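Worksheet: one structure, shown below.
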Amino acid sequence: MKRALASYLGEVERGLQAVPVRRRRLVLRELEAHLMDEAESKGISDEASMSRLLMDKESPRELALELSNGDVRDLGHRHVTSLAAGALIGAATGGHLWAQGWPWFIALAFALAHGLAVGAGFFWVRRHWQRLDGGWRLIMAISFTALLSIPLGFTSTRGFVITRTFYGAYTGYLLERHGQKRPLWQSAVETLVFTSFMFFMEVVVLQRVHFHWNNRGLWMVLGELSFNVALQLGVLGALRLQRLLAERWVLRPQSL
Numbered sequence: 367m368k369r370a371l372a373s374y375l376g377e378v379e380r381g382l383q384a385v386p387v388r389r390r391r392l393v394l395r396e397l398e399a400h401l402m403d404e405a406e407s408k409g410i411s412d413e414a415s416m417s418r419l420l421m422d423k424e425s426p427r428e429l430a431l432e433l434s435n436g437d438v439r440d441l442g443h444r445h446v447t448s449l450a451a452g453a454l455i456g457a458a459t460g461g462h463l464w465a466q467g468w469p470w471f472i473a474l475a476f477a478l479a480h481g482l483a484v485g486a487g488f489f490w491v492r493r494h495w496q497r498l499d500g501g502w503r504l505i506m507a508i509s510f511t512a513l514l515s516i517p518l519g520f521t522s523t524r525g526f527v528i529t530r531t532f533y534g535a536y537t538g539y540l541l542e543r544h545g546q547k548r549p550l551w552q553s554a555v556e557t558l559v560f561t562s563f564m565f566f567m568e569v570v571v572l573q574r575v576h577f578h579w580n581n582r583g584l585w586m587v588l589g590e591l592s593f594n595v596a597l598q599l600g601v602l603g604a605l606r607l608q609r610l611l612a613e614r615w616v617l618r619p620q621s622l
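Residue numbers (our numbering): 367 to 622.
Shown next, in the form of structure tokens:
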């Protein structure tokens with residue numbers, strides 16, 4: 367897979383010699399990230415499948431010509447697509463908090479921190495670890511989004527709440543994990559496991575929440591579970607939106 371992609375990008379680069387070096391590097395990085403995203407979304411992981419995918423694209427020479435003639439700036443819109451995808455995640459979780467009756471300023475702060483800092487930040491930098499093996503990519507995604515989620519800890523009137531940063535790390539896990547299509551049952555299991563983990567941390571480890579098996583306790587469980595479902599749906603929607611917005615006509619299959 368990597369050899370086929372490197373060969374394709376090398377041919378594009380040779381056709382971009384008239385483009386300034388810094389701009390050429392940006393173009394190639396963005397192009398590589400786009401093709402890697404598309405390959406992952408289609409479950410492509412071997413050289414033969416990647417070669418077939420690239421054969422359906424514009425030829426490297428034609429693509430380089432299009433980019434050299436003024437389409438280079440279009441590749442920079444990846445930042446806009448990252449913002450849009452991140453905003454969708456923030457809208458899903460912040461909107462859910464507001465619907466649950468949380469103060470509007472808490473819901474808005476959570477939406478901004480979760481969507482822009484964690485969601486958009488992930489999409490902006492993901493290309494730096496896309497060539498790593500699956501396990502390392504997951505570690506990088508979780509570590510980076512955990513760092514970006516520090517602002518989430520301050521979305522409370524009670525000072526810094528460390529468990530809120532867990533939502534950011536979990537978001538990174540989901541974004542990386544679901545970069546490829548996965549069965550729906552995995553999403554359901556992930557939501558149940560993470561909900562259980564959050565209650566374990568809040569009730570047993572940190573003892574921030576006093577939990578009892580009564581009506582109030584049941585509503586707490588359902589509220590946390592529904593929030594994590596909203597987070598999961600926001601991530602899946604953001605990945606889909608990011609792929610749709612990242613498509614460029616010069617990268618569409620020739621058959622179209």
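We put the beta carbon where it would ideally sit given N, CA and C, even for glycine. Note that the structure is predicted; figures quoted are calculated from it, not measured.
- In this structure, Leu607 and Ala451 form a Cβ contact; the two beta carbons are roughly 5 angstroms apart against a cut-off of 8 angstroms.
- Taking a 10 Å sphere around the C-beta of Phe560, we find 16 or more other C-beta atoms and assign the residue as buried.
- Assigned with DSSP and collapsed to three states, Pro426 falls in helix.
- Taking the C-beta atoms as reference points, Ile455 is found no nearer than 8 angstroms to Thr557.
- Selection Trp551, Glu396 and Thr459 evaluated against Asn594 yields Thr459 as nearest (Cα-Cα).
- When DSSP states are grouped into helix, strand and coil, Asn594 belongs to the helix group.
- The Cβ atoms of Leu541 and Gln598 lie no closer than 8 angstroms to each other.
- With contacts defined as CB atoms closer than 8 angstroms, Val527 and Gly534 fail to qualify as a contacting pair.
- Phe566 sits exposed, since fewer than 16 C-beta atoms from the chains shown fall within 10 Å of its C-beta.
- The DSSP-derived three-state label of Ser411 is coil.
- Contact between the segment 498-505 and the segment 473-485 is not established, with fewer than three Cβ pairs separated by less than 8 angstroms.
- A straight line joining the alpha-carbon of Met416 with that of Ala370 spans about 7 angstroms.
- Look at Val601 here: in three-state DSSP terms it is helix.
- Judged by pairs of C-beta atoms under 8 angstroms, the segment 462-482 does not touch the segment 383-394, as fewer than three such pairs exist.
- The alpha-carbon of Trp464 is positioned some 30 angstroms away from that of Pro549.
- Between Leu382 and Ala430, the C-beta gap is smaller than 8 angstroms, which places the two residues in contact.
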